[in-house]
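Q:
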Amino acid sequence: MTTRRAVLKGIMASGLLARASWADAGAPKYLSAGRRPNGSYAVYGLSAHGSIQFEIPLPGRGHAAAAHPTAPMAVGFARRPGQFALVLDCLMGSVRQWLAAPKDRHFYGHGAFSADGSLLFTTENDFENAEGRIGVWDVFNGFRRIAEFSSGGVGPHDIRLMPDGAALVVANGGIETHPDSGRAKLNIPTMEPNLSYVSLSGDLRETEALPKELRKNSLRHLAVNSAGHVAIGAQWQGDPKKDVPLVFTHKMGGALHAIEASMNAQSGFEGYVGSVVFDATGQAIAATSPRGDRFAIYDLADGSHKAFQTPDVCGVAASEQGVVASTGQGVFLAAKTSGAQELSSAPVQWDNHLIRL
Amino acid sequence: MLKRLVFGAVFLAQPVMAEQLLVNDALDAHILPRYEVLAESTAHLHDAAQTSCASNAPDLRQAFGQAFDGWVGVSHIRTGPSEENERAFAIAFWPDTKGFTPKSLATLIRDQDPVVQDPVEFKTLSIAARGLYALEFLLYDPAFVSEAKEGYHCDLVKAITTEIARNASEIRNAWQSYQAKLREPSPDGPYRDETEALREVYKALGTGLQFTADARLGRPLGTFERPRPKRAEARRSQRSLRHVEVSLQSTYELALILSQTELDIRQSLRLAFDRAFELAAALEDSDFSGVADPMARFRVEVLQQSILRIMDILTLELAPALGVNPGFNALDGD
Numbered sequence: 000m001t002t003r004r005a006v007l008k009g010i011m012a013s014g015l016l017a018r019a020s021w022a023d024a025g026a027p028k029y030l031s032a033g034r035r036p037n038g039s040y041a042v043y044g045l046s047a048h049g050s051i052q053f054e055i056p057l058p059g060r061g062h063a064a065a066a067h068p069t070a071p072m073a074v075g076f077a078r079r080p081g082q083f084a085l086v087l088d089c090l091m092g093s094v095r096q097w098l099a100a101p102k103d104r105h106f107y108g109h110g111a112f113s114a115d116g117s118l119l120f121t122t123e124n125d126f127e128n129a130e131g132r133i134g135v136w137d138v139f140n141g142f143r144r145i146a147e148f149s150s151g152g153v154g155p156h157d158i159r160l161m162p163d164g165a166a167l168v169v170a171n172g173g174i175e176t177h178p179d180s181g182r183a184k185l186n187i188p189t190m191e192p193n194l195s196y197v198s199l200s201g202d203l204r205e206t207e208a209l210p211k212e213l214r215k216n217s218l219r220h221l222a223v224n225s226a227g228h229v230a231i232g233a234q235w236q237g238d239p240k241k242d243v244p245l246v247f248t249h250k251m252g253g254a255l256h257a258i259e260a261s262m263n264a265q266s267g268f269e270g271y272v273g274s275v276v277f278d279a280t281g282q283a284i285a286a287t288s289p290r291g292d293r294f295a296i297y298d299l300a301d302g303s304h305k306a307f308q309t310p311d312v313c314g315v316a317a318s319e320q321g322v323v324a325s326t327g328q329g330v331f332l333a334a335k336t337s338g339a340q341e342l343s344s345a346p347v348q349w350d351n352h353l354i355r356l
Numbered sequence: 000m001l002k003r004l005v006f007g008a009v010f011l012a013q014p015v016m017a018e019q020l021l022v023n024d025a026l027d028a029h030i031l032p033r034y035e036v037l038a039e040s041t042a043h044l045h046d047a048a049q050t051s052c053a054s055n056a057p058d059l060r061q062a063f064g065q066a067f068d069g070w071v072g073v074s075h076i077r078t079g080p081s082e083e084n085e086r087a088f089a090i091a092f093w094p095d096t097k098g099f100t101p102k103s104l105a106t107l108i109r110d111q112d113p114v115v116q117d118p119v120e121f122k123t124l125s126i127a128a129r130g131l132y133a134l135e136f137l138l139y140d141p142a143f144v145s146e147a148k149e150g151y152h153c154d155l156v157k158a159i160t161t162e163i164a165r166n167a168s169e170i171r172n173a174w175q176s177y178q179a180k181l182r183e184p185s186p187d188g189p190y191r192d193e194t195e196a197l198r199e200v201y202k203a204l205g206t207g208l209q210f211t212a213d214a215r216l217g218r219p220l221g222t223f224e225r226p227r228p229k230r231a232e233a234r235r236s237q238r239s240l241r242h243v244e245v246s247l248q249s250t251y252e253l254a255l256i257l258s259q260t261e262l263d264i265r266q267s268l269r270l271a272f273d274r275a276f277e278l279a280a281a282l283e284d285s286d287f288s289g290v291a292d293p294m295a296r297f298r299v300e301v302l303q304q305s306i307l308r309i310m311d312i313l314t315l316e317l318a319p320a321l322g323v324n325p326g327f328n329a330l331d332g333d
C-alpha cells in the first residue's frame with residue numbers, strides 16, 4: 000500500500016495525473032456533492048454501495064460534476080450562479096485546480112468532456128445579454144479557457160456529449176437570471192426553453208422547442224444512451240399542480256416525445272424532475288422528483304413503469320443491475336423495475352446529482 | 000386575537016387540526032380578502048378610466064395607485080386561480096428585462112391597432128402590452144403620456160384597465176371554488192393532506208419576501224461598481240419603495256397568521272419585520288435612484304439585509320416548527 004501510494008505521489012509530483020487511471024483511485028464508482036452535518040459542503044467518491052471512498056471539502060454548495068473519460072479526475076461545479084469550478088484529483092482526494100468563470104459569466108452547474116478528454120465544455124450565463132454560452136477549456140494545458148460559443152438558447156443547464164463524440168446536447172432551460180437578483184427568475188411569462196445540439200466548435204446542428212402550451216416547462220437535465228437517444232427531465236414553472244409531462248425523449252432529427260407516465264397527475268412529481276438517467280442497458284430511464292418524494296423507472300422497450308416513494312430523492316445513476324439513487328437524507332439505494340433496496344446510509348445530505356465514473 | 004391564541008394552544012396537541020386551522024385562517028384573513036381588494040380596486044380603476052383617461056387625470060392616477068397597491072398585496076400568492084390562463088402575468092408583467100412593454104406599446108400606438116376596440120381580441124395581445132406596468136408607461140412615461148381626452152391613447156388606457164379588472168375579478172371568483180381544495184385536502188386533490196396545504200400557503204410567504212429582496216431591491220442595487228437605478232420596479236410612478244413596503248405589510252400579515260401557535264417565533268418575526276419597516280420608512284428614496292450614491296445605497300442594502308433576516312427566521316425556525324420544511328433537494332430548485 001505504502002509503495003503504491005509512493006508511486007502515485009511520484010506520478011502527481013511529475014504532473015502526470017492524466018496517465019493514472021480510475022482503477023488507481025480506490026475504484027470509486029460514483030461522485031456526489033453533499034452537505035455535512037455541520038452545514039459545510041464537500042464532494043465525495045462513493046463505492047457501488049454508497050460508502051464513502053474519499054471526501055473533498057468545498058467552499059460552498061456543489062451541484063454536479065463531470066468525470067474525465069480516462070484520468071481519475073473530475074470537475075465539480077458550484078451551485079448556480081457559480082463563479083468557480085474545481086478540478087478534483089480523485090487519487091489524492093484533493094483540489095487540483097480552481098477554474099474561475101470569466102468576467103460577466105457564471106457557471107450553471109454542469110459540464111461535459113470531449114471523448115478524448117482534451118476539452119471541457121461548461122454551461123454558462125452571459126448575464127448582461129441574457130444569453131446562454133458554452134465555455135471551452137483546454138484540459139491538458141492547465142484547463143486554459145480557449146473559446147466559447149452560443150448554447151442555442153437562454154439558461155443552459157445540463158450538457159452531454161453525444162455518443163459519436165462529434166456533438167453536444169444542451170438543455171437550454173429558458174430561464175433568465177442575473178446575479179444581481181440572486182436566483183430570481185426574471186422571464187417566466189416569456190421563457191422559451193429548447194433542446195439544442197451543437198458541434199464541438201459551436202455550430203448549431205438542431206434545436207427542438209416545446210409546443211406553446213408547454214413553454215413554461217424548463218428543460219433542465221439530460222441523459223444520453225449509446226444509441227443517441229436523449230432523455231430530458233423538465234421543471235414546470237407554472238402551477239405545480241397542472242398536469243404536464245416532465246420526462247421527454249428525443250433523437251436527433253425527430254420530435255420531442257413526452258413519457259405519458261411522467262404527467263404530474265400520474266407521477267406525483269409536483270412539476271419537478273431533479274435528475275434523469277438511462278440504466279446500463281440504455282433501455283430504461285429513471286427520473287427523480289425530490290418535491291414529489293418519489294422516483295420512477297420507465298422501461299422504453301415495453302412501455303411499463305414502476306414508481307418508488309423516497310423522501311427527497313434526487314441523485315440517480317446507472318448501476319450494473321439497474322440504477323442507484325441518493326437522497327437529501329443520506330440514503331443510497333438500488334432500484335430496478337422489480338423493486339428498490341436501501342444499500343447504505345451516511346450522515347451526509349446527498350446533493351442533486353450522482354455521477355457515475 | 001386572544002381567542003385565536005388559545006385555540007392554537009388547544010390544537011397543538013393535535014397537529015393535523017392545527018395545520019388546517021392555519022390554512023383556513025390564511026384563506027379567511029389574508030388570501031380571500033386581499034384578492035377581494037384587488038378586484039374592487041381594479042374595478043374602480045376601470046371606472047376611473049372610463050370617466051377620465053388623460054395621463055394626468057388625478058382620479059385616474061389615484062385609482063392606478065390603489066389598484067397597484069392591491070396587486071402588490073397579492074403578488075406573492077401565486078397558486079391556482081392567479082396562474083390559470085396567465086391571469087397574474089397579464090395583470091403584472093415585471094421584470095421586463097428586454098423592454099417588451101415599451102416596444103409593444105409603441106407598436107400598438109404607431110399602427111393605431113384597432114385591437115383596443117375589442118376586449119376579446121385584446122386578450123390575445125402579448126402580456127407585455129397589458130396590465131399595470133403597461134398602464135404605468137401610458138400614465139407616467141414622458142414618451143407615452145397624453146393629456147387628450149379621446150383618441151388612441153385614451154382607448155388603450157381604457158382597454159388595459161378593462162382587461163386588468165376582468166382578470167382580477169376572474170381570480171377572485173375562481174378562488175371561491177378553489178379554496179375548498181386547500182380547506183379539505185384529499186388524496187385525489189392537488190393537496191393530498193393538511194401538511195401539503197399548509198406548505199402551499201407557507202411557500203407564498205417565502206416567495207414574496209424573496210422576490211422583494213432579490214428583484215424589487217436586488218435589481219436596482221446591481222453591484223457597487225454597476226448600480227442599476229433604472230431597473231427599479233415602477234420607478235416612473237415613483238412607487239418603487241412603496242411596493243417594497245406594501246409587500247412587506249402583506250407578507251407580515253401572513254407571517255403573523257402562520258406563526259400564531261409559535262409565540263417565540265412570532266415575536267422574532269415581529270421584531271424582524273419592525274426593523275424592515277423602520278428602515279423602509281427612513282429611506283426617503285421613492286424610486287431607488289439613490290443606489291448610485293454610496294451612502295444612499297448602503298441604506299437600501301441594509302433594508303435588503305433586514306428582509307433576508309426575516310427569511311432566515313422563516314426557514315430556520317417557522318418552517319421546522321410547522322413541519323413544512325422542504326427537503327435539501329426539494330428546496331434547491333435546480
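Protein chains in written order, with numbering that gives the first Met the number 0: chain A, 0 to 356; chain B, 0 to 333.
Where a beta carbon is used, it is the ideal one built from N, C-alpha and C, also for glycine.
As the structure is a prediction and not an experimental result, all values here were calculated from the model.
For A:H62, count neighbouring C-beta atoms within 10 Å of its own C-beta (all shown protein chains included) and say buried if the count is 16 or more, exposed if not.
A: Your numbering for residue 62 of chain A matches position 63 in the first sequence. Per the 10 Å Cβ criterion, buried.
Q: How would you call A:M161, buried or exposed, if buried means at least 16 neighbouring beta carbons within 10 angstroms?
A: To locate residue 161 of chain A, count along the first sequence from 1; it is residue 162. Buried, since its Cβ has 16 or more Cβ neighbours within 10 Å.
Q: Would B:V115 be called buried (16 or more neighbouring beta carbons within 10 Å of its own) or exposed?
A: Start at 1 with the first residue of the second sequence, and residue 115 of chain B comes out as number 116. Buried, since its Cβ has 16 or more Cβ neighbours within 10 Å.
Q: Taking B:T96 as the query, report the chain A residues whose CB atoms sit under 7 Å from its CB, ordered along the chain.
A: By 1-based counting over the second sequence, the position of residue 96 of chain B is 97. Chain A residues near B:T96: A129, E175, L185, N186.
Q: What residue does the beta strand (DSSP E) around B:P293 start on, and which one ends it?
A: In the second sequence, the residue the question calls residue 293 of chain B occupies position 294. It is not in any beta strand (DSSP E) - B:P293 instead sits in the alpha helix (DSSP H) that spans 293-312.
Q: Which residue wins for smallest C-alpha separation from A:A233, given the options A:P239, A:F148, A:L218?
A: Position 234 of the first sequence, counting from 1, holds the residue named residue 233 of chain A. For A:A233, the nearest C-alpha among the options comes from A:L218.
Q: Using beta-carbon positions only, say whether A:C423 and A:P68 come within less than 7 Å of one another.
A: No information on residue 423 of chain A is available, as it lies outside the stretch 0 to 356 that chain A covers here.
Q: Starting from the beta carbon of A:H105, find every residue of chain B whose beta carbon is closer than 7 Å, and list them in chain order.
A: Position 106 of the first sequence, counting from 1, holds the residue named residue 105 of chain A. The contacting residues do not exist; A:H105 stays about 13 Å from chain B at best.
Q: Express the C-alpha separation of A:Q52 and A:S344 in angstroms, rounding to a whole number.
A: Numbered from its first residue, the first sequence carries residue 344 of chain A at position 345. Numbered from its first residue, the first sequence carries residue 52 of chain A at position 53. Cα-Cα distance, rounded: 14 Å.
Q: Confirm, please, whether the CB-CB distance from B:E224 to B:A279 is below 7 Å.
A: In the second sequence, residue 279 of chain B corresponds to position 280, counting from 1. In the second sequence, residue 224 of chain B corresponds to position 225, counting from 1. No; because the gap between Cβ atoms is not below 7 Å, this pair is not in contact.
Q: Does the beta-carbon of B:A214 have 16 or more other beta-carbons within 10 angstroms, so that it is buried, or is it exposed?
A: Position 215 of the second sequence, counted from the start, is the residue given in the question as residue 214 of chain B. The residue in question, B:A214, is buried, as its Cβ has 16 or more Cβ neighbours within 10 Å.
Q: Give the residues of chain A in contact with B:L124, contact being defined as C-beta atoms less than 7 Å apart.
A: Sequence index remark: in the second sequence, residue 124 of chain B carries index 125 (1-based). Correct list: empty, because the minimum Cβ distance to chain A is about 13 Å.
Q: Excluding the 5 residues flanking A:L98 on each side, which residues of the same chain have their C-beta closer than 6 Å to its C-beta?
A: Counting from 1 along the first sequence, the entry for residue 98 of chain A is found at position 99. Hits under 6 Å: A84, F142.
Q: Nearest chain B C-beta to A:K211 closer than 7 Å, yes or no?
A: For the purposes of this step, residue 211 of chain A is taken as residue 212 along the first sequence, with counting starting at 1. False, the Cβ-Cβ gap to chain B never drops below 7 Å.
Q: Counting only runs of 3+ residues fully inside the segment 142-204 of chain A, write out the beta strand (DSSP E) ranges in chain order.
A: Counting whole runs of 3 or more residues, the segment 142-204 of chain A contains the beta strand (DSSP E) stretches 143-149, 155-160, 166-171, 193-198.
Q: Run through the segment 13-52 of chain B for me and flag every whole alpha helix (DSSP H) of 4 or more residues, listed as ranges in chain order.
A: List check, alpha helix (DSSP H) in window: 14-25, 31-50.
Q: DSSP three-state label for A:Y29, please.
A: In the first sequence, counting from the first residue as 1, residue 29 of chain A sits at position 30. DSSP places A:Y29 in strand when its eight states are reduced to three.
Q: Would you say A:A233 touches the ligand FAD, meaning its beta carbon is less than 6 Å from a heavy atom?
A: Although the ligand FAD was asked about, the structure shown includes no ligands whatsoever.
Q: Comparing C-alpha positions only, which one of A:G321, A:G253, A:S325, A:M251 sits nearest to A:S274?
A: Start at 1 with the first residue of the first sequence, and residue 274 of chain A comes out as number 275. Comparing Cα positions, the closest option is A:S325.
Q: Does any C-beta atom of chain B lie closer than 7 Å to the C-beta of A:D238?
A: On the first sequence, position 239 is the one that residue 238 of chain A refers to. Yes - at least one Cβ of chain B is within 7 Å of the one on A:D238.
Q: Can you pull the chain B neighbours of A:R34, defined as C-beta to C-beta under 9 Å?
A: Locating residue 34 of chain A in the first sequence gives position 35, counting from the first residue. Per Cβ cutoff of 9 Å: F327.
Q: Name, in chain order, the residues that DSSP records as bridge partners for A:N216.
A: By 1-based counting over the first sequence, the position of residue 216 of chain A is 217. Its beta-bridge partners are A:W235.
Q: Nearest-angstrom Cα distance between A:D278 and B:I312?
A: Reading the first sequence from its first residue, position 279 is the one you call residue 278 of chain A. Reading the second sequence from its first residue, position 313 is the one you call residue 312 of chain B. Approximately 42 Å between the Cα atoms of the pair.
Q: Beta carbon of A:V315, beta carbon of A:T287: below 7 Å?
A: Numbered from its first residue, the first sequence carries residue 315 of chain A at position 316. Numbered from its first residue, the first sequence carries residue 287 of chain A at position 288. Yes.
Q: Going by the CB atoms, is the gap between A:E207 and A:L194 shorter than 7 Å?
A: Start at 1 with the first residue of the first sequence, and residue 194 of chain A comes out as number 195. Start at 1 with the first residue of the first sequence, and residue 207 of chain A comes out as number 208. Contact: yes.
Q: Please confirm whether B:E336 has its beta-carbon closer than 7 Å to some beta-carbon of chain A.
A: Here chain B has residues from 0 to 333 only, and residue 336 of chain B is not among them.
Q: Just tell me which of A:D125, A:S46, A:G108, A:G172 has its CA closest to the CA of A:K215.
A: Your numbering for residue 215 of chain A matches position 216 in the first sequence. Looking at the Cα atoms, A:G172 is the closest of the given residues.
Q: Output, in chain order, the set of chain A residues within a Cβ distance shorter than 8 Å of B:L220.
A: Looking up residue 220 of chain B in the second sequence gives position 221. Ordered by position in chain A, the residues that pass the 8 Å Cβ test against B:L220 are D179.
Q: Give me the Cβ distance between B:D292 and B:S239, rounded to the nearest whole Å; I'm assuming they're in contact under 8 Å.
A: For the purposes of this step, residue 292 of chain B is taken as the residue at position 293 of the second sequence. For the purposes of this step, residue 239 of chain B is taken as the residue at position 240 of the second sequence. About 15 Å; that fails the 8 Å criterion.
Q: Is there contact here, the segment 147-157 of chain B with the segment 52-60 of chain B, by at least three beta-carbon pairs under 8 Å?
A: The segment 147-157 of chain B vs the segment 52-60 of chain B: in contact.
Q: Pair every Cβ in the segment 127-143 of chain B with every Cβ in the segment 59-72 of chain B, then say whether three or more of these pairs are closer than 8 Å.
A: Taking 8 Å as the limit for Cβ pairs, the verdict is that the segment 59-72 of chain B does touch the segment 127-143 of chain B.
Q: Roughly how many angstroms lie between the CA atoms of B:A38 and B:F88, to the nearest whole one?
A: Locating residue 38 of chain B in the second sequence gives position 39, counting from the first residue. Locating residue 88 of chain B in the second sequence gives position 89, counting from the first residue. In a straight line, the C-alpha of B:A38 is about 15 Å away from that of B:F88.
Q: So A:L57 packs on A:A32, CB below 8 Å; how close in whole Å?
A: The sequence position of residue 57 of chain A within the first sequence is 58, counting from 1. The sequence position of residue 32 of chain A within the first sequence is 33, counting from 1. Confirmed, Cβ separation roughly 7 Å.
Q: Would you say B:P189 faces chain A, with C-beta separation under 7 Å as the test?
A: Stepping through the second sequence from its first residue, residue 189 of chain B is reached at position 190. So yes, B:P189 belongs to the interface.
Q: Which residues of the segment 78-93 of chain B have a Cβ closer than 8 Å to any Cβ of chain A? Give them in chain order.
A: Those would be T78, G79, E82, E83, E85, F88, F92, in chain order.
Q: Between B:A214 and chain A, is the shortest Cβ-Cβ distance under 7 Å, so that the two count as touching?
A: Within the second sequence, numbered from 1, the residue matching residue 214 of chain B stands at position 215. At least one chain A Cβ lies under 7 Å of B:A214.
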